[in-house]
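S.K.: Numbering (the working numbering), first residue to last: 537 to 689.
The structure under discussion is supplied below as structure tokens; questions concerning it will follow.
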């Protein structure tokens, strides 16, 4: 019997999201996030596969019945199952709000970065994160916080 040494899990390559209409959902993801098809749409599979910028796949899988992609945490908050890493979170946040996407309030989680939660048209919740203190200069991080949280200097 062999023993695994170190971390055997490299990355998450695919995420599966339940949707009512894969093509309609794909158009929404393309419009709001610029995602592209990873493979041509195959109606027989009843799913659309989109590609994130780092190559992971987002499967929009047609489902019937109630879509319940969330779960309550101990405090009763309906949790999301995925957090997307982004750059220029302030641009994305403004873009989604302008497009009428349901977004929750921004949170500054200190060393974990800035996050917000959005919902797709099927009611699936997703989290978005940017560790601005890691990926930006201190001056730029302060400007982003001021923009997003209306901080007056």
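Ideal placement from N, C-alpha and C gives every residue a C-beta, glycine not left out.
Excluding the 5 residues preceding and the 5 following residue 672 in the sequence, name in chain order all residues of the same chain whose CB lies nearer than 8 Å to its CB.
M.R.: Against the chain shown, residue 672 aligns to sequence position 136. If we look at residue 672 and ignore the five residues flanking it on each side, its Cβ neighbours are 680.
S.K.: So, does the stretch 623 to 633 touch the stretch 647 to 664, judging by three or more C-beta pairs under 8 Å?
M.R.: yes
S.K.: Quick one: Cα of residue 582 to Cα of residue 551, how far?
M.R.: By 1-based counting over the chain shown, the position of residue 582 is 46. By 1-based counting over the chain shown, the position of residue 551 is 15. Approximately 15 Å, taken between the alpha carbons.
S.K.: Taking contact to mean 3 or more Cβ pairs, one atom from each stretch, closer than 8 Å, check whether the stretch 610 to 627 and the stretch 654 to 669 are in contact.
M.R.: These segments touch.
S.K.: Compute the Euclidean distance between the alpha carbons of residue 577 and residue 678, then round it to the nearest angstrom.
M.R.: The residue given as residue 577 occupies position 41 in the chain shown. The residue given as residue 678 occupies position 142 in the chain shown. Their backbone Cα atoms lie some 43 Å apart in a straight line.
S.K.: Among 554, 639, 571, which has the Cα closest to the Cα of residue 603?
M.R.: For the purposes of this step, residue 603 is taken as residue 67 along the chain shown, with counting starting at 1. For the residues 554, 639, 571, the minimum Cα distance to residue 603 belongs to 554.
S.K.: Per the DSSP calculation, residue 554 is bridged to which residue(s)?
M.R.: What you label residue 554 is simply residue 18 of the chain shown in a count that begins at 1. Its beta-bridge partners are 597.
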